[in-house]
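See structure below.
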Amino acid sequence: MYLFIHRKDLRTYDLRAFDALKRRGLPGLHVLILDPLLLTEERMQAHSGQQFLEHAARLEQSYEAAGRKLHVLYGRPEEITADLLEAYPIQGVVAHADYTPYAKKRDAALAAATALRSVPVVFVEDLPLAPHAQFQEFSGRSEPYKVFTPFYRKWNSFMQTYYTGAASATISDLDTVNPLNEVIATRYELPLQTAAAWSRIKRLHADGKDQNAQQVLRRFIDERIHAYEQRRDVYAEDGTSGLSRFLNSGALSARTAYEAAADMPAAALWLRQLCWRDFYLYQAALSKDFFTCEQQYEMSALDDGHFAAWANGETGIPIIDAAMTQLNQTGEMPNRLRMVTAMFLTKNLLCPFTLGEAYFRMHLADYDHALNKGGWLWSSSFGYDAAPYFRIMNPVSQSTTHDPHGRYIRRWLPELSGLSDREIHQPRPHAIVDLKASRARAVEVYKHILGH
Numbered sequence: 004m005y006l007f008i009h010r011k012d013l014r015t016y017d018l019r020a021f022d023a024l025k026r027r028g029l030p031g032l033h034v035l036i037l038d039p040l041l042l043t044e045e046r047m048q049a050h051s052g053q054q055f056l057e058h059a060a061r062l063e064q065s066y067e068a069a070g071r072k073l074h075v076l077y078g079r080p081e082e083i084t085a086d087l088l089e090a091y092p093i094q095g096v097v098a099h100a101d102y103t104p105y106a107k108k109r110d111a112a113l114a115a116a117t118a119l120r121s122v123p124v125v126f127v128e129d130l131p132l133a134p135h136a137q138f139q140e141f142s143g144r145s146e147p148y149k150v151f152t153p154f155y156r157k158w159n160s161f162m163q164t165y166y167t168g169a170a171s172a173t174i175s176d177l178d179t180v181n182p183l184n185e186v187i188a189t190r191y192e193l194p195l196q197t198a199a200a201w202s203r204i205k206r207l208h209a210d211g212k213d214q215n216a217q218q219v220l221r222r223f224i225d226e227r228i229h230a231y232e233q234r235r236d237v238y239a240e241d242g243t244s245g246l247s248r249f250l251n252s253g254a255l256s257a258r259t260a261y262e263a264a265a266d267m268p269a270a271a272l273w274l275r276q277l278c279w280r281d282f283y284l285y286q287a288a289l290s291k292d293f294f295t296c297e298q299q300y301e302m303s304a305l306d307d308g309h310f311a312a313w314a315n316g317e318t319g320i321p322i323i324d325a326a327m328t329q330l331n332q333t334g335e336m337p338n339r340l341r342m343v344t345a346m347f348l349t350k351n352l353l354c355p356f357t358l359g360e361a362y363f364r365m366h367l368a369d370y371d372h373a374l375n376k377g378g379w380l381w382s383s384s385f386g387y388d389a390a391p392y393f394r395i396m397n398p399v400s401q402s403t404t405h406d407p408h409g410r411y412i413r414r415w416l417p418e419l420s421g422l423s424d425r426e427i428h429q430p431r432p433h434a435i436v437d438l439k440a441s442r443a444r445a446v447e448v449y450k451h452i453l454g455h
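The C-terminal position of the sequence shown is numbered 455 in this note's numbering, with every residue numbered one higher than the one before it.
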């Protein structure tokens, strides 16, 4: 018997671990652990937590549809694992690898718990399209890439030469154990508030009318990918794939997405976005200071004086306030505006990027720790291959360029809908900063911080 633990892989197909488990031919306990250190009460109410619970509930329903059993438990992963090892004749523990600081600590605790009982644990690499060790060997480098463009060129070569395709096993190919030991089921049952949220989400999606990951992918491939290069930054329309929320929870694998578009001539720019995802995962796994980059700099010149106005969409800069309003209300924000709002916070408002990073962590429905960190490092000019410190997106120029009629602003700030196409982009009389003066100040401050 084996123990398989779901984490950022909330699906029942194209899982590297499933292929390995199918070859073993043993029955297994399949569990999803709701970790109280990750699923706090605050996060459970936030868009990121709600999105996770939605995909987790879908995962349980997928198991049920296949006639298999997923056990959903609440508690510390190492404690649950230890108790399961005591209660069952488990010969091995299997999970997919993750690279965040918390994930590494969690997996070290899991490994310690299994070692005490002489049970092997294996963390299978599943997140990146290009497996890190194999890619690094292919690159011939002793150190990780720090710049995206050469990484992208080598990644393209690797994918054309060594990409092995999606995993073939599904949950229907595996034999899952049911029922669960009653003592363990009771000890690690969901707390009342978590159980209520879980049941509510399952009811909301019980009719199956909302689109799943495969449907969203197919719609993008069939209807929008041909115009992705021209429409991806037209944020008043639906020009992007809409897949990030599925990719970042593992409800859709990057391999499935890649294979759907790999042979399409119009897909090159979108596939490059999948490479950016791999680049940040690569940095998270191989670059020791990726998650602590800010500790290398003296940032006392930055403060949180304007942070609340930014977070609440009360800066007086229409496109910033519209984007933050959408984020706060829906958990969504177009990628172009993530860069614009991040640069505005870190540069024009001179706030530490860590404040914005933490805010996005809680409020983005498609939140991913490594990708969010990478995006904020880029926008704030820290980290590898970041935007130059003097590159500061002007929110008014971005708004007039990508949405000349101000449709996005009119949608999220209806109180401004009566303004002309020219006026609607301009800072309001109560704007908290002057864009030109704040840009000049930011250039000097970041020049000093970065030692240029």
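Glycine included, C-beta positions come from ideal geometry on N, C-alpha and C.
Computed from a predicted model, the values in this text were never measured in an experiment.
- Of the residues G316, R248, A263 and E240, which one's Cα is nearest the Cα of R221? A263
- A20 - containing beta strand (DSSP E), residue span: First-last for A20: R19 to R27, but that is the alpha helix (DSSP H), not the beta strand (DSSP E).
- Task: Confirm, please, whether the CB-CB distance from Y165 to D406 is below 8 Å.
- Result: no
- Alpha carbon to alpha carbon, what distance is there between L87 and R27? 20 Å
- Is there at least one non-hydrogen atom of the ligand FMN closer than 7 Å to the beta-carbon of T173? By its list of ligands, the structure shown contains no ligand whatsoever, and the ligand FMN lies outside what it can speak to.
- Query: Looking only at C-alpha atoms, which of A390, D424 and H366 sits nearest to Q54?
  - Reply: H366
- Task: Quick one: using the 10 Å Cβ neighbour count with 16 as the cut-off for buried, is K350 buried or exposed?
- Result: buried
- Task: State yes or no: is the C-beta of W381 within less than 8 Å of the C-beta of G359?
- Result: no
- Message: Considering only the alpha carbon of each residue, which of D17, K157 and T243 lies closest to T167?
- Response: D17
- Query: With distances taken between CB atoms, is the gap from L419 to P337 smaller than 8 Å?
  - Reply: no
- In three-state terms, what does DSSP make of T357? helix
- Where T318 falls: helix, strand or coil (DSSP): coil
- C-alpha gap between D129 and A111, whole angstroms: 18 Å
- Message: Just verifying my parser: in three-state terms, what is the DSSP assignment at P166?
- Response: The amino acid at residue 166 is misidentified as Pro; the sequence shows Tyr. Three-state result, Y166: coil.
- Considering only residues of the same chain and omitting the five flanking positions on each side of L246, which have a CB-CB separation below 8 Å? A216, V219, L220, F223, L255 and A260
- Can you pull the DSSP bridge partners for I8? V34 and A98
- Task: Tell me, please, which residues DSSP counts as bridged to Y16.
- Result: T173
- Query: How do the stretch 264-273 and the stretch 295-307 stand: do at least 3 beta-carbon pairs fall below 8 Å, yes or no?
  - Reply: no
- Message: Measuring straight from C-alpha to C-alpha, what distance separates G530 and P123?
- Response: Shown here, the chain extends from 4 to 455; a query on residue 530 therefore has no answer.
- Going by DSSP, which residues form a beta bridge with Y155? BP columns for Y155 are empty, so no partner.
- Item | Proximity to F347 [Cα-Cα], best of A271, M162, S244 and K439 | K439
- Message: I'd like the list of long-range same chain contacts for K25, defined as Cβ closer than 6 Å, with 5 residues on each side in sequence excluded.
- Response: A172 and D176
- Item | the stretch 323-343 contacting the stretch 442-453, beta-carbon criterion three pairs below 8 Å | no
- Enumerate in chain order the residues of its own chain whose CB-to-CB distance from W273 is below 7 Å, with the five nearest sequence positions on each side excluded. I228, Y231, S244 and A264
- Message: Suppose you measure from the CA of V75 to the CA of I36; what does that come to, to the nearest Å?
- Response: 6 Å
- Task: Kindly list the residues whose CB is nearer than 6 Å to the CB of H9, restricted to its own chain and excluding five residues on each side of it in sequence; keep chain order.
- Result: L35
- Buried or exposed: D178, going by 16 or more other Cβ atoms within 10 Å of its Cβ? exposed
- Can the beta-carbon of I412 be found closer than 8 Å to that of I435? no
- Item | Classification of E81 by the beta-carbon crowding that lies within 10 angstroms, buried from 16 upward | buried
- Query: Out of curiosity, what's the CA-to-CA distance linking A325 and G253?
  - Reply: 29 Å
- Buried or exposed (CB count within 10 angstroms, at least 16 for buried), H372: buried
- Query: With a CB to CB cut of under 7 Å and the five nearest residues on each side skipped, what residues in its chain are close to Y91?
  - Reply: M4 and L32
- Message: Could you compute how far the alpha carbon of A345 sits from the alpha carbon of D38?
- Response: 29 Å
- Message: What would DSSP say about Y77, mapped onto helix, strand or coil?
- Response: strand
- Item | Rounded straight-line distance, which links the Cα of A257 to that of R156 | 19 Å
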